[in-house]
Each structure stands twice: as C-alpha cells, then as structure tokens.
Amino acid sequence: MYLFEKIAAENAKEYVLLLPKERFKEMLNPTVSLCIEIIPNCLNNLMTKIPQEYTAKVRLDQSVASFAHSPLGNF
Numbered sequence: 090m091y092l093f094e095k096i097a098a099e100n101a102k103e104y105v106l107l108l109p110k111e112r113f114k115e116m117l118n119p120t121v122s123l124c125i126e127i128i129p130n131c132l133n134n135l136m137t138k139i140p141q142e143y144t145a146k147v148r149l150d151q152s153v154a155s156f157a158h159s160p161l162g163n164f
C-alpha cells in the first residue's frame with residue numbers, strides 16, 4: 090500500500106482492496122518481499138522496530154546512487 094492509500098484505510102470504517110484473485114492469500118508467503126512506502130523522516134525509527142528475525146532493506150534506485158523514491162519523495 091502506498092502512503093495515501095494507507096492513510097485512507099486507517100481513517101475508513103471499511104475499505105476494499107482490488108486485486109487479481111491469484112494474489113489473495115490467507116497468509117503472506119515469507120519468501121516474497123513485502124514492499125512498503127516509508128516517509129523519509131520515519132526511516133531510522135522504523136528500522137529499529139523491526140524484529141531481528143526479519144530482514145529489512147531500503148531499495149536502491151537503479152539509475153542513480155541513492156535510495157529509490159516514490160512520486161511523493163518517500164522511500
């Protein structure tokens with residue numbers, strides 16, 4: 090989910106995710122990466138909250154030597 094989708098979902102009583110039925114699963118597959126959009130000011134704090142048994146990394150932009158950014162400038 091992207092930032093504004095997450096904000097809308099948090100503020101709604103109900104929300105609907107539209108996706109192909111093949112992608113709907115009862116449980117997430119731990120071998121498939123979960124991509125989330127992070128506000129830059131929250132990155133360091135968020136990284137300290139991830140349990141040690143999980144692997145987290147910030148995706149790098151392939152065109153320049155920096156982090157990948159969303160259209161809003163988030164990671």
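According to our numbering, the sequence shown holds residues 90 to 164 in order. Ideal placement from N, C-alpha and C gives every residue a C-beta, glycine not left out.
Anticipated Cβ contact below 8 Å, residue i with residue j, distance rounded
| i | j | result |
| --- | --- | --- |
| N163 | I139 | Contact doesn't hold; Cβ gap of about 17 Å is too wide. |
| L132 | V121 | Not really, about 22 Å apart at Cβ, beyond 8 Å. |
Opening and closing residue of the alpha helix (DSSP H) in which residue i lies
| i | result |
| --- | --- |
| M116 | Segment: none, M116 is in no alpha helix (DSSP H) and carries neither H nor E. |
| E94 | 92-100 |
| L108 | Taken as a continuous stretch (DSSP letters only), L108 belongs to no alpha helix (DSSP H), as it is neither H nor E. |
| N130 | Run containing N130: none; DSSP gives neither H nor E here. |
CB of residue i within 8 Å of CB of residue j, strictly
| i | j | result |
| --- | --- | --- |
| S159 | Y91 | yes |
| L117 | L108 | no |
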